[in-house]
Every structure is written in structure tokens, then in C-alpha cells.
Amino acid sequence: MENFLKLNPLLENILSGKVIVITGAASGLGKAIALALPFTGAKVGLLDINKMAVKEVALQINASYKDTAFVMHASVTNEKELAKVYKELFEKYGRVDGLVNSAGIARLGTIDSLNPKDIKLANDVNINGYFLNAMFASKAMIKSKAHGSIINISSASARGASKATSLYGVAKDSQTTMVREWALDLGEKGIRVNALLLGDLFGDEELGITSAIWNQVYFEKKAVDKELIKENDPCLGGEKLDPKIRKLVVEHYIGRTALNKPLHYQDVINQIILLNSELTEKITGESIAITSGNPTSFSR
């Protein structure tokens, strides 16, 4: 069977029999997780608002792992849609063992420049969406009598601050508070809850997975902000991102880390697999940084 993300062979079938829901499964990190988990023997519920894109991911998975991916077309903020797709997933596979809360959006801007629409949307997706999916998933895990696992995808931004990112940073910090509270709520029911604080993931061109945050506009903005190029550089504003700009920005951020190594989707997925396995059955309520040693994520 195809190992889409070239995971360590030792991880094959380590999650055999488990059913794991991934929100935001049609793109970015969520898509990478969705493509990877079937190799571990898990069945996956692919939850996303983009119906066509999530169907394509399911087709790709099911072509190699028959009847392993189930489309859950819903908005993470719509409780009626979520109730429907979680019920359908349970009827399909008879259980739910895990949730990866991955769906999110970034609305950047200083507090005086934000508008009410952006504030409401960002908090609905990044905070309410995490709550709603944890609620539906935990109920399904309890019904399954599963030793379940909930993982919130957070960010190194939860432990730091930077200009014009308050909507994102506050949400990411909230997601780490959630896991401490939910760990106490769900521990006696055998469900563990943890967060991953991620460093910079720039996308993977080889896998055809792009980053919603690290788009052309953001790369160019950071190149100028970090004084890697001048504001009038002719490389800016082209039809596509200039490879020179991408290289400069990526190298800058990698250079800030203790290990001086880039972060890949596989690095994150390895931890997701472990946190869904019995190998980490005593870990709950924790926020684990995966950043190659970004100083902003070190505990204070």
C-alpha cells in the first residue's frame, strides 16, 4: 500500500482499528495528516467545508486504502452540520477514537485595523470550531468506549507575541487552555487531550500541499519586514512568488531555531500518530512544541 508521506515503516498499522476525525482535511496540514494516517491502519473522517476538495482527498486515499476515508462535508462552526456528519461517521465505522482539530484561519492586522467581521469569523473557526468538534467527538468516543485522543493543532504563537497577530495569537493560546480543561473533564472517561505548538510550515511542493498562511503576499511581506529585500525590489509583486524570496524567508526562519533545521509535515504527523497510540497513554493536558527549537516557543 502507498505510503504517501514516506513515514517510518515501524509506524505501519500502529493505529489499526482506530477511527480518527481530521478537521480542515482538504488542504494544508489537515490534508497531510489525512494522507498519512491510513498507512498506520486508521480509518479517517475527513471534515471540511470545501466539498469538492475534500472528496478529492478521500478519492486519493481510498484508491490505495479501500474504504478507509469518509467525507464529512461540514463547517466546523455549524452545529447542525456537525451533528449530521458525526452521526454518519459513527454509522459507517461504528466508533470514533480520535480527533485532530486542525481547521483554522489567520486574519492579520493590528487591533485598530481589524473589522468586526474578521474578528467574529476568526474566533468562530479557531475557538468555537475547536469546542464544537471536541464536544461531538468526545461524545462519540464515550459511546465507543474508546480510550480516545483529542489533539488541538496550536502554534508557537501561543507562547509569544508579534505585531498585527492578536486574533491568531489569542486563539492559539486559547487552544492550549482548552486541552488543560478538557483533560480534566475527560480523563475519567479514558480520553486524553493534548496540543501541538507548531513552528513554521511552509508547505510541500512535492506533495502538492500549500500553506494557507505562507502564501505569496505573506512571503513578500515578511521578506520586506525582516529587511531581507528592499521594498522596491523587482522580485516583488509578480504573477508568482519569486523562488529567491521564498528561499530567503525560509532560510531566515530556519536560522532562528536551535537545531537550524526546517520543519516538515512528517515531523508533526509522527507526534499525532504517537498521541493516538497506546505509547503515550499517560500523556494528557500537555502542550508540546514542535519547532526545531524556536526560542519563542520555549517554556517560560
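Residue numbers (our numbering): -2 to 297.
Ideal Cβ positions, reconstructed from N, Cα and C, are used throughout, including at glycine.
Next on the checklist: According to DSSP, Asn149 sits in a beta bridge with which residue or residues?
Outcome noted: Asn98, Ala192
Item to check | Simplified DSSP assignment, three categories, for Gly305 | outcome: This structure cannot settle anything about residue 305, because the visible part of the chain is limited to -2 through 297.
Next on the checklist: On a Cα-Cα basis, can you pick out the residue from Lys237, Met49, Lys140 that is closest to Lys84?
Outcome noted: Lys140
Item to check | Endpoints, the beta strand (DSSP E) within which Ile19 is located | outcome: Taken as a continuous stretch (DSSP letters only), the beta strand (DSSP E) holding Ile19 covers 16 to 20.
Next on the checklist: Which residue marks the beginning of the alpha helix (DSSP H) containing Ala137, and which one marks its end?
Outcome noted: It spans 126 to 141 - the alpha helix (DSSP H) in which Ala137 sits, taken as one unbroken run.
Checklist entry - How should Pro35 be labelled, buried or exposed, when 16 other C-beta atoms within 10 angstroms of its C-beta is the threshold for buried? => result Buried, because 16 or more other Cβ atoms sit within 10 Å of the Cβ of Pro35.
Next on the checklist: Once the 5 residues before and after Ser294 are set aside, which same chain residues still bring their CB inside 6 Å of it?
Outcome noted: Ala153, Arg156, Leu194, Ala286, Thr288
Next on the checklist: In chain order, what are the residue ranges of uninterrupted alpha helix (DSSP H) at least 4 long that sit wholly in the segment 228 to 263?
Outcome noted: Within the segment 228 to 263, the complete alpha helix (DSSP H) runs of at least 4 residues are 240 to 252.
Checklist entry - Which residue from Phe128, Phe133, Thr173, Gly95 puts its Cα closest to that of Gly145? => result Gly95
Item to check | Simplified DSSP assignment, three categories, for Ile206 | outcome: strand
Next on the checklist: Give me, in chain order, the residues of the same chain whose beta-carbon lies closer than 7 Å to that of Asp197; leave out the 5 immediate sequence neighbours on both sides.
Outcome noted: For Asp197, same chain residues with a beta-carbon under 7 Å away, outside a window of 5 residues either side, are Tyr250, Leu260 in chain order.
Checklist entry - Secondary structure at Ser61, three-state DSSP: helix, strand or coil? => result Helix at Ser61.
Checklist entry - Does His70 come within less than 9 Å of chain D when only Cβ atoms are used? => result Given the protein chain composition of this structure (a single chain), no chain D is represented.
Checklist entry - So the beta strand (DSSP E) Ala66 belongs to, where does it begin and stop? => result In the DSSP annotation of this structure, the continuous segment of the beta strand (DSSP E) that includes Ala66 starts and ends at 66 to 70.
Next on the checklist: Using only CA atoms, which one of Gly290, Val16, Ser163 lies nearest to Val68?
Outcome noted: When only C-alpha atoms are compared, the closest one is Val16.
Next on the checklist: Do Thr281 and Ala143 count as a contact pair if the criterion is CB distance below 9 Å?
Outcome noted: Their beta carbons are not under 9 Å apart, which means Ala143 does not touch Thr281 by this criterion.
Next on the checklist: Only counting the same chain, and skipping five residues up and downstream in sequence, which positions put a Cβ closer than 6 Å to that of Gln263?
Outcome noted: Leu2
Checklist entry - Where Gly126 and Thr74 are concerned, what is the direct C-alpha to C-alpha distance, given to the nearest angstrom? => result 5 Å
Item to check | Residue from Val190, Ser135, Ile269, Ala22 with nearest C-alpha to Ser72 | outcome: Ala22
Item to check | Coil, strand or helix - Ser294 by DSSP | outcome: helix
Item to check | Cβ-Cβ distance between Thr20 and Ser99 below 9 Å | outcome: yes
Checklist entry - Thinking just about the alpha-carbon of each residue, which of Met49, Tyr62, Ile46, Leu164 is nearest to the one in Ala33? => result Tyr62
Checklist entry - Between the beta-carbon of Ala80 and the beta-carbon of Ala66, is there less than 9 Å? => result No. Outside cutoff.
Checklist entry - Between Ile270 and Ile11, is the Cβ-Cβ spacing less than 9 Å? => result The answer is yes: Cβ separation under 9 Å.
Next on the checklist: Pairs of beta-carbons, one from the segment 209 to 217 and one from the segment 235 to 249, closer than 8 Å: are there three or more?
Outcome noted: yes
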